[in-house]
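Participant: Numbering (the numbering used here), first residue to last: 41 to 349.
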Amino acid sequence: MVITRPEMEIGRYQWMYKSSRPHQYQHVPAMRGNVSPLGIQGCFECCIKCLGGVPYASLVATILCFSGVALFCGCGHVALAGTISILEQRFSTNITDHALLSEVIKLMQYVIYGIASFFFLYGIILLAEGFYTTSAVKELHGEFKTTICGRCISGMFVFLTYVLGVAWLGVFGFSAVPVFMFYNIWSTCEVIRSLPANMTVSADQICVDVRQYGIIPWNAVPGKACGSALADMCNTPEFYLSYHLFIVACAGAGATVIALIHFLMILSSNWAYLKDASKMQAYQDIKAKEEQELQDIQSRSKEQLNSYT
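1. In chain order, what residues of the same chain lie with their CB nearer than 7 Å to the CB of isoleucine 301, ignoring the 5 residues before and after it?
2. Compare the Cα-Cα distances from glutamine 245 to each of Ala271, Phe222, Gln335 and Pro257 and report the closest residue.
3. Would you list the one or two residues that DSSP bridges to proline 262?
4. Taking C-beta to C-beta, are threonine 123 and serine 309 nearer than 8 Å?
5. Let me make sure I understand the geometry here. Which of Ala293, Tyr96 and Pro257 has the alpha-carbon closest to that of threonine 136?
6. For valine 144, which of helix, strand or coil comes out of DSSP?
7. Cα-Cα, which of Ser215, Asn224, Leu166 and Tyr96 is closest to phenylalanine 199?
8. My output table needs one value for valine 94: the three-state DSSP class, helix, strand or coil.
9. Let me know the alpha helix (DSSP H) ranges lying completely inside the region 192–231, each 4 residues or longer, listed in chain order.
10. Suppose you measure from the CA of leucine 235 to the CA of leucine 141; what does that come to, to the nearest Å?
11. Please report the straight-line C-alpha distance between isoleucine 97 and isoleucine 306, rounded to a whole angstrom.
12. Can you tell me where the beta strand (DSSP E) holding alanine 249 begins and where it ends?
13. Taking the continuous alpha helix (DSSP H) assigned at aspartate 272, which residues delimit it?
14. Within 10 angstroms of the Cβ of serine 132, are there 16 or more other Cβ atoms? Answer buried if so, exposed if not.
15. At the level of alpha carbons, what is the spacing between lysine 58 and arginine 340?
16. Buried or exposed: which applies to leucine 161, given that a residue is buried once 16 or more other Cβ atoms fall within 10 Å of its Cβ?
17. For isoleucine 152, name the three-state secondary structure that DSSP assigns.
18. Can you tell me which of the three DSSP states glycine 170 falls into?
19. Got a sec? Which residues, its chain only, sit under 8 Å from lysine 264 by beta carbon, not counting five neighbours each side?
20. Around the C-beta of phenylalanine 220, are 16 or more other C-beta atoms found within 10 angstroms, so that it is buried, or is it exposed?
21. Once DSSP output is grouped into helix, strand and coil, what is the label at proline 277?
22. If you drop the 5 nearest sequence neighbours on each side, which residues of the same chain put their C-beta closer than 8 Å to that of phenylalanine 286?
23. Tell me whether glutamate 143 is buried or exposed, calling it buried when 16 or more other Cβ atoms sit within 10 Å of its Cβ.
24. Using CA coordinates, which residue listed in Cys113, Tyr172 and Ser125 is at the minimum distance from tyrosine 150?
25. Helix, strand or coil for serine 347, going by three-state DSSP, please let me know.
26. Express the C-alpha separation of valine 288 and isoleucine 193 in angstroms, rounding to a whole number.
27. In whole angstroms, what separates the C-alpha of methionine 148 from that of asparagine 224?
28. Closest to phenylalanine 159 by CA distance: which of Tyr280, Trp208, Leu334 and Asp336 is it?
29. How many angstroms separate the CA atom of leucine 111 from the CA atom of glycine 210?
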């Protein structure tokens with residue numbers, strides 16, 4: 041038997057590319073009901089498949105962000121209202137002395153409304169972006185592919201989350217200021233309560249002057265609380281509630297900072313995954329193109345062989 045040159049070319053290409061070509065799997069049509077080609081697929085298998093696409097890290101960060109923002113906005117709003125009430129009753133009887141502070145506090149309360157609305161929307165967007173990147177990496181949607189626009193959006197979220205994280209660090213530091221002020225007042229009240237009877241210093245000589253904090257002008261009347269008046273103020277529900285609400289608001293701001301740092305790590309990781317997925321996609325396209333060229337060469341060789349025979 042004489043082997044022609046086209047047959048030798050076909051054998052050489054088959055020997056060179058036989059191990060490198062991927063296996064060709066034929067599509068198995070879906071069967072009705074819960075029966076699959078591998079056996080019976082029940083609700084448990086479906087739940088496992090769905091849970092595999094949930095971005096648990098983004099979900100935890102979203103819950104932490106919502107909780108922190110809710111604590112900061114809700115507790116901060118009520119605490120600011122209680123602070124105005126304490127100033128009007130104890131430290132500044134003249135309305136004109138604390139008019140500017142009242143306007144600033146009202147403006148901060150409106151800002152709190154905006155912060156709550158913005159972070160509610162932003163948290164949902166980041167959670168949706170987590171679902172998108174998880175599906176893109178794990179390829180749960182068949183021929184789902186990443187695009188340049190998707191990678192640019194992920195990079196934009198990384199930058200925006202970084203800016204928000206730096207801003208919330210400032211908010212966290214600012215929210216610690218009223219906690220420090222209320223703690224000083226509460227500590228002074230504890231000193232008044234614990235004065236022994238034989239002390240030469242009377243309780244009326246121990247005072248708290250809020251004018252030194254700069255929240256009311258120096259000509260405000262009375263501007264300070266001393267002795268029994270100060271102790272009575274510390275026993276009021278407004279002071280007790282405002283003090284603890286400021287502590288909770290500060291803790292909420294800290295939780296929001298942690299959530300944004302968590303989001304920043306997640307977004308950076310997802311962006312890197314998408315970048316690698318795009319490179320893998322380009323490699324697969326080049327590989328598919330080379331395999332198509334090989335098939336074209338084989339088909340032309342077969343045509344030449346048929347023409348010779």
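Heads up, the beta-carbon is just placed ideally off N, CA and C, and yes, glycines get one too. The model shown is predicted, which means the values in this text are computed figures rather than measured ones.
Facilitator: Well, looking at it:
1. Around isoleucine 301, the same chain offers Gly205 as residues with beta carbons nearer than 7 Å, after the five sequence neighbours per side are excluded.
2. That would be Ala271, whose Cα lies nearest to the Cα of glutamine 245.
3. Its beta-bridge partners are Ser132.
4. Not closer than 8 Å, so no.
5. The shortest Cα separation from threonine 136 among Ala293, Tyr96 and Pro257 belongs to Pro257.
6. Three-state DSSP puts valine 144 in a helix.
7. The residue from Ser215, Asn224, Leu166 and Tyr96 with its alpha-carbon nearest to that of phenylalanine 199 is Leu166.
8. Valine 94: coil per DSSP, three-state reduction.
9. The alpha helix (DSSP H) runs of length 4 or more contained entirely in the region 192–231 do not exist; there are none.
10. For leucine 235 and leucine 141, the distance between alpha carbons rounds to 34 Å.
11. It should be pointed out that residue 97 corresponds to alanine in this sequence rather than to isoleucine. In a straight line, the C-alpha of alanine 97 is about 7 Å away from that of isoleucine 306.
12. Checking the sequence shown, residue 249 turns out to be aspartate, not alanine. Unbroken beta strand (DSSP E) run through aspartate 249: 247–249.
13. It spans 267–274 - the alpha helix (DSSP H) in which aspartate 272 sits, taken as one unbroken run.
14. By the neighbour-count rule (16 or more Cβ atoms within 10 Å), serine 132 is buried.
15. A caution first: lysine 58 carries a pLDDT of 47, below 50, which makes its placement in the model too unreliable to give a value.
16. Leucine 161 should be labelled exposed.
17. Isoleucine 152: helix per DSSP, three-state reduction.
18. Helix, per DSSP.
19. Once the five neighbours on either side are set aside, the close Cβ partners of lysine 264 are Phe131, Cys247, Val248, Asp249, Val250 and Arg251.
20. Within 10 angstroms of the beta-carbon of phenylalanine 220 lie fewer than 16 other beta-carbons, which makes it exposed.
21. DSSP places proline 277 in helix when its eight states are reduced to three.
22. Excluding the 5 residues flanking it on each side, phenylalanine 286 has same chain C-beta neighbours closer than 8 Å at Cys115, Gly116, Ala119, Ser215, Pro218, Val219 and Phe222, in chain order.
23. The residue in question, glutamate 143, is exposed, as its Cβ has fewer than 16 Cβ neighbours within 10 Å.
24. Of the listed residues, the one whose Cα sits closest to tyrosine 150 is Cys113.
25. Reduced to three states, the DSSP call for serine 347 is helix.
26. Distance between the alpha carbons of isoleucine 193 and valine 288: 34 Å.
27. The alpha-carbon atoms of methionine 148 and asparagine 224 are separated by roughly 23 Å.
28. The candidate whose alpha carbon is nearest that of phenylalanine 159 is Trp208.
29. About 17 Å.
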